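> I have a structure here, written as structure tokens, and I will follow up with some questions on it.
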Amino acid sequence: MNPQRYTSPPDRAAYNARVWDIVRQIPPGKVATYGQIASMVITAQAAGTGDPIPAAYHAWGARWVGGAMAACPADVPWQRVINSQGKISLRKGKGSTEQRCLLEAEGVEFDAHDRVDLRIYAWLPSPQDLSSKRIHLLSD
DNA sequence: TCCTTGACTCAGA
DNA sequence: CTCTGAGCCAAGG
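When we follow our numbering, the leftmost residue of the first sequence carries the number 28, and every step to the right adds one.
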């Protein structure tokens, strides 16, 4: 019924690396959504290449971020990435307990519907934050 | 080689 | 608020 169709970024490895770089900037106690991360990658891509962004980046970016998280290195705070509804999305069937515990340990609270209030906990980096830290959004 | 299986989001009904 | 459809690929068994 819901054939989760996928597509992939032109360069999966490079895309994943950029996603991880961004996720590493999320401070403890804050969260970001897949879509938010995807937008940052798009911004970086546009700035780095000057080329227009293919529509697929907008349509599939969030899922590519999910794919990147599925293979992230140990130093990436994967638990701080949640879905746009403020809920934890985990791989099919697996519990979200671990991710929730990690977030609660950082001070993130969940409501009765297992949701995080993004108005409070969303990571809202300013352009300055991104450029002053070490996100090499511009490829090289 | 064929078949299954995905850490998503948004608009519209 | 809930539910559906669209987006249309690649790694692993």
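From the three backbone atoms N, C-alpha and C, an ideal C-beta is built for every residue, glycine too. Since the model is a prediction, treat every value here as computed from it, not as a measurement.
With a 10 Å radius around its C-beta and 16 neighbouring C-beta atoms as the bar for buried, classify R45 as buried or exposed.
Buried: at least 16 other Cβ atoms inside 10 Å.
> Can you give me the Cβ contacts of L130 inside the same chain, cut-off strictly under 6 angstroms, excluding the 5 residues immediately before and after it?
Counting only Cβ-Cβ distances below 6 angstroms, and skipping sequence neighbours, we find Q106.
> Since L117 and S123 should fall inside the 8 angstroms C-beta cutoff, what is the C-beta to C-beta distance between them, to a whole number of angstroms?
Their Cβ separation, rounded to whole angstroms, is 5 angstroms, which keeps L117 and S123 in contact under 8 angstroms.
> For the putative contact between V50 and V135, defined by C-beta atoms under 8 angstroms, what is the C-beta separation to the nearest angstrom?
Rounded, the Cβ-Cβ distance is 15 angstroms, inconsistent with contact.
> Am I right that Y42 and A95 are in contact with their C-beta atoms under 8 angstroms? What's the rounded C-beta distance?
Correct: roughly 7 angstroms between the Cβ atoms.
> Can you check which of these residues, G62, D38, A40, R39, is closest to W150 by C-alpha distance?
Measuring from the Cα of W150, the nearest candidate turns out to be G62.
> Looking only at its chain, what residues have a beta carbon closer than 8 angstroms to the beta carbon of R142, apart from the 5 residues adjacent to it on each side?
Hits under 8 angstroms: Q112, G113, K114.
> Which residues mark the beginning and the end of the alpha helix (DSSP H) in which I64 is found?
Counting along the chain, the alpha helix (DSSP H) containing I64 begins and ends at 61-76.
> Does the Cβ of P100 have 16 or more other Cβ atoms within 10 Å, making it buried, or fewer, making it exposed?
By the 10 Å Cβ count, P100 comes out exposed.
> Between the alpha carbons of D102 and E133, how many angstroms are there, rounded?
Using only the alpha carbons, I get a separation of about 16 angstroms.
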